Each structure stands twice: as C-alpha cells, then as structure tokens.
Amino acid sequence: LINLLLVVLLALVACGGAPETAAPVQEEAPLAALEESPVVEEPVVEEVVVEEAPAVVADAEFDLIANINDDYLSVIPEGFYAVGQIDAFKEIMAAGDVVLIDVREESEYAEGHIDGAVNVPLRTLTDNLAMIPMDQPVMVYCASGHRAAMATSALHMLGYENVRAFGPGWKGWTAAEEPVSTEVFEGESYAVPEIEPELIAAVDQFVNNIPEGFLLVKTVEDLTAALDAGAFLVDLRQPEEFAEASIPGAVNIPLRELFSRLDELPADQPIIVHCASGHRAALGLTALQTVGYTNVRSFSPGIKGWLAAQETTAEVPTFDVVAATDVYLSAMPDGYMVIKDVDSFNGIMDSGQAVLIDVREEAEYAEGHIPNAINIPLRTLTENLAAIPTDMPVVVYCASGHRAAMATSALHMLGYSNVRTFAPGWKGWTAAEQVVSTDPFVGETYTIGNFDPLYLTAVNDFVANIPEGWLVIKTADDVTALLDTGAFVLDVRQPAEFAEGHIPGAVNIPIRELAQNLDQLPTDVPIVVYCASGHRAALSIASLQVMGFDNVRSFSAGWKGWTEAGGEIETG
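Written as structure tokens, this is what we have:
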C-alpha cells in the first residue's frame, strides 16, 4: 500500500505548484518555563550538505498536510512534548503503562539501551506503527534528543497525541550512571489507526529517506559557512527569547506560528532552523520536511551553543600583568617614594601644590586627621581616582605607613608617578604634636588618567579585597611561628643590606628585580616579605598580590624590628 501511495505522491510532485499558507493562528501566551533539554551531536557519520533549494509538494497535498501540521504545532503545549530531566523521566516510567521507544539504529540499541525499550529505528518508524499505541503514554529517546524529537513530531502529525521525547537520551542516561540492558525487548502489538493516505505517505517518504547525519548542522563553524553561502536562518523560539539574544540575520518565527507564516520562508535557498537547544528545531524541521521543504536542516546547538561559542572564540585582549608591574618596579627611584620625617613632609605641604590623601578608614579619619587631607579608604582607592591628580604632587598617609605604602604602590602601578608615602603617618604626626583637624575636607575633581583597563581591574581586585589585618605580620614572634610551619621568607632589600645580616633562611630578591624572579617564589606556602623597616615590603606585597601571589604578607617591623626583638641573624 505504501509503495502505491508513493507512486501517487511522486506523480503529484511532478505536477509542480508552490506552497500556499494556511490561515493565521492565534499566538500562544509566552512560556513561563520550558522543559526542553539540550540536543547535541548524534554519534553518526559526517553531515552531508545539500545544495539544492527546497522543493515543495503539490498544492492539494500541501494544503492537507500543512493544515494538519498547523493544527498540531499551533496548540503545542508548554514543554513542547519534551521530558528534560532524568528524575522526571523515571517518575513517568514508574507509572508502569508507558511504552518506551528507542529510535536509534539497531547496532546502537544492541550495544546497550534503557531497560524495557523497544527498538524502532527512526527510518523505520512508519513501518512499525503497530508497535506504538495511541491510548497509553509513549516515550521516545535516541542518543541525545534530535532523532527522538523528529520521531515525536512525526507521530504527533499522524495523530499520536500521547508521545513525548526524553531529551537527555542515551547519553544523559548513561552519564547519570543509570541501569542499562543489552537484552532485546519485544513489545506488544497495537491497532494501527486510520490515517489520511496522503499524510502517511508524506511522513513515510520523509522518515524512510532521512540522510546520513540526520539533517543536523552540528557546529557554529558549519552554521557560519552555511550562512555565508546564502542559507536562510529561522529562529523558532518565542519573541521574548529572541529579543534577549539572537544569531545575526535570523528571522524569528515561533514554532506555533510556523505554518501560518510559511510565506516568509524562501523557496530558492537552503533553510536552517534553530531554537534554544535543538528540540523545537527538530520538531519544526520534521513538519517542514513533510510538506516538501527538503533542504531544511537543524542547528542542534541552538542559541545556547552559539552564545557559548562566542564566549570561547571571541578575541580576548591580552595583558601581561607581570610585564606591566616590572615596568614600575624596575624603574623605582632612589628613596622608594617615601617621605621619612615630619619636617620633610611639612616642607612639601607648605608649597601649597600637594594633594594629601588619608587612606585610613572613615571612622579613623573622623576622629582626627592632618588638615586638608582627603579621606579615601584604601579599599575604595580605585573607585576614587577622580580625586587624585596625575599632574600634581600627591602624598598618601595612614596610621603608620603600611596602608599608605600599599596605596602608593597601587597608584604607581596604574601610572601615577607623582605619589609618595608619608611613612610616619598619623601616629608620627600626632607624636610630633602637629596640628590636627576633625573637619572633613572635600578635594577637587581631576581628569582620570588613561589607564589600561585590564591593569586597573587587577589593581582594583587587590585593593577592594584586602582582608582584615591589612596583610601585616606585626611581631618577630609571629614571623618565627610562620617559619616553623614552613613559610618562605623574602628579603627585598639591596644585596649589600642583605649581606650585612638577614633573617635565617631568607631569600634575597631586591624589590626592583621582583617581577623578574617570580619563579623563585613558591605558590603553595605562605610568603613573608620584609625590608629594613616595612615600606619596601608593603610596596612589594601590593605588587605581588596584583601579580597573583595571594599568599604574601609583610613583616612590617622589618629587619630593624627583627634585630630589636633579638631574632637570630645570618650574614653573607
């Protein structure tokens, strides 16, 4: 009977004719949540690219099948007949009256299948309708969803309203380490429903002749090549999904509206359909193929695959944070950007040109500060660069020098060559009985420098996330305790200073050479950095943190504090 119908069909095709569209249908309400699951590459041979334009069937048959497809697609429910989760699938199967159909090839089925599954390879679907009931639930699966969705679409066109696709398929089932079987399962026989001869002939013609590759466009590269060659791209998702993100050049025709908008599809070029992750595309592909759009294929990765590929293949700006930091460290001037005493500080401030920055916390600043100091807490430094000029002297202070040195280092990394640290800080200022203020001082606004955005991000990541304690090791006893647990000690003084005496076991890398010798530093144990009195160490830990060494802290008392505490000494 089918062969006879095929002869009739071929005769109808020979008569020619263009497709006519069915009457428009009412758009369904937007979906709140879809059960659609990703459809990925099928384990079959390489995709065959078809160059011919779509060929559609004769008018009378087209109208019949198009109307049937429109009746099916226009009222497709939320979830699109997909079961996207293994737990949901198992719950359905546990009901006990579900018929499970495996539409993979016989060889795939023989290697392993879900227990209780009947094997009906997709290309033999219409030859085996007696194995598929119409009056009890039917679940279809394949390797990863594409063939199952095509089978589901074909069966719904034939009137099987009880069929759904298990999207994760065999790959998802085995990845979840669910039980499998290699025993052949023989299903029951059921009454074959009465189906319009033209409809069964069209569906049979399609499924029996699905080419190798199952009409898939599997990769973004293949899609791009097809589009470059003139393919027409249709996005079958809902309008709100399309509005959020779409592939350039795609035309949005929601799946439910597909057969009311066939006049928007070209008759003279290849068509590629896609959706979120492949399921709806396979449903639409099947429906279009049965009315003669024989050059329709599905981009199975969908918009999810497209967007993921853009993230991984987009050109990422390159930035060498170590090289950039080395530019700053290696050119560090004599004196290491420090103002060591109150008199020198007063001389600079009396010039009236310097901008004074207090990087202590707001509460500390409110209790008292040096007059005319602007408060920029260290962790907010990069958020307030407009308060720091690049073309005037800038002096930074904190309580006793450590935070100010880290701020100075951070600013120099960004390109502020005009910044110095007032090392005595608030403690030194008040000990010298200098004038203090509790009145907030609001500074001016300056043009922010043209900083490398990636370097700025790296510096910001450091300063904004400095932990409580400010990365300080305060006492020689604390250093000793760390050494006993395997800490690495780094001395950033000059070689001559190191030779005169250093903490036992310390490795000497002068601060200007730090970025050039990172291979000498461990990443799996704490690193204790010290210098003479803490300033260079604070500059160093800021630089090291920005370069990725989050295991470094500063012994702020330095060599001076170590010797005053009676610590052991090595020379040479």
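FYI, in the working numbering the residues of the sequence shown are 1 to 572. By construction, the Cβ of each residue, glycine as well, lies at the ideal position given by its N, Cα and C atoms. Bear in mind the structure is a predicted one, so any value in this text is a computation, not a measurement.
THR325 has its alpha-carbon roughly 30 Å from the corresponding atom of THR571. Taking each of PRO522, ASP135, HIS535 in turn and checking the Cα distance to PHE549, the smallest one comes out for PRO522. Within the same chain, VAL99, TYR190 come within 7 Å of PRO133 by CB-CB distance, once the 5 residues on both sides are set aside.
For THR408 and ASP477, the gap between their C-alpha atoms comes out near 28 Å.
Straight through space, the alpha carbons of THR457 and TYR160 are spaced by roughly 58 Å.
Given a length threshold of 3 residues, each whole run of the beta strand (DSSP E) inside the region 75–142 is given here in chain order: 99–102, 138–141. The continuous beta strand (DSSP E) containing TYR530 extends over residues 527–530. Where ILE68 is concerned, there is no enclosing beta strand (DSSP E), although the alpha helix (DSSP H) around it starts and stops at 59–73.
Separation of ASP63 and GLU177 (C-alpha to C-alpha, rounded to the nearest whole angstrom) is 47 Å. When DSSP states are grouped into helix, strand and coil, LEU521 belongs to the coil group.
With 16 or more neighbouring CB atoms inside 10 Å of its own CB, ASP102 falls in the buried class. Cα atoms of ILE357 and VAL394: separation of roughly 7 Å, rounded to the nearest angstrom.
Annotated as distal: GLY505 and ILE569, with beta-carbon spacing of 9 Å or more. In chain order, PHE488, VAL489, LEU490, ASP491, GLN520 place their CB closer than 8 Å to the CB of VAL507, counting only its own chain and leaving out the 5 sequence neighbours on each side.
In this structure, DSSP gives LEU215 a state outside helix and strand, which the three-state scheme calls coil.
Rounded to the nearest whole angstrom, the CA to CA distance from ILE527 to ARG512 is 18 Å. DSSP, reduced to helix, strand and coil, places TYR365 within a helical segment of the structure shown.
Around the C-beta of GLN310, fewer than 16 other C-beta atoms lie within 10 Å, and the residue is accordingly described as exposed. The shortest CA-to-CA distance from GLN516 to any of LEU329, GLU183, ASP268, GLY284 is the one to LEU329. When secondary structure is reduced to three states using DSSP, SER437 falls in the strand class.
Counted as a single uninterrupted DSSP element, the stretch harbouring VAL489 is not any alpha helix (DSSP H) but the beta strand (DSSP E) occupying residues 488–491. For SER298, the enclosing beta strand (DSSP E) has its first and last residue at 296–299.
No Cβ-Cβ contact shorter than 9 Å links GLU61 with ALA267. Among the bridge pairs identified by DSSP, VAL327 is matched with none. Residue ARG280 holds the alpha-carbon nearest to the alpha-carbon of HIS146 among ALA95, ARG280, GLU111. With fewer than 16 other Cβ atoms inside 10 Å of its own Cβ, SER437 counts as exposed.
Looking from the CA of VAL192, the closest CA among ASP135, GLY230, PHE242, LEU411 belongs to ASP135. Note that the C-beta distance between ALA287 and MET157 is below 9 Å. Per DSSP, the continuous beta strand (DSSP E) segment holding PHE555 begins and ends at 552–555.
Between the alpha carbons of CYS398 and VAL552 lies a distance of about 21 Å. Taken through DSSP and simplified to helix, strand or coil, LEU236 comes out as coil. Between ARG536 and ALA405, the alpha-carbon positions lie close to 8 Å from each other. The beta carbon of TYR336 sits closer than 7 Å to those of HIS535, ARG536, LEU539, all from its chain and outside the five residues before and after it, given in chain order. Take ASP334, set aside five residues on each side of it, and no residue of its chain has a beta-carbon closer than 6 Å to its own.
With a contact defined as Cβ atoms closer than 8 Å, TRP306 and VAL207 miss out at about 28 Å. Every alpha helix (DSSP H) stretch that sits fully inside the region 398–484 and reaches 4 residues is listed by chain position as 402–414, 425–431, 453–463, 476–484.
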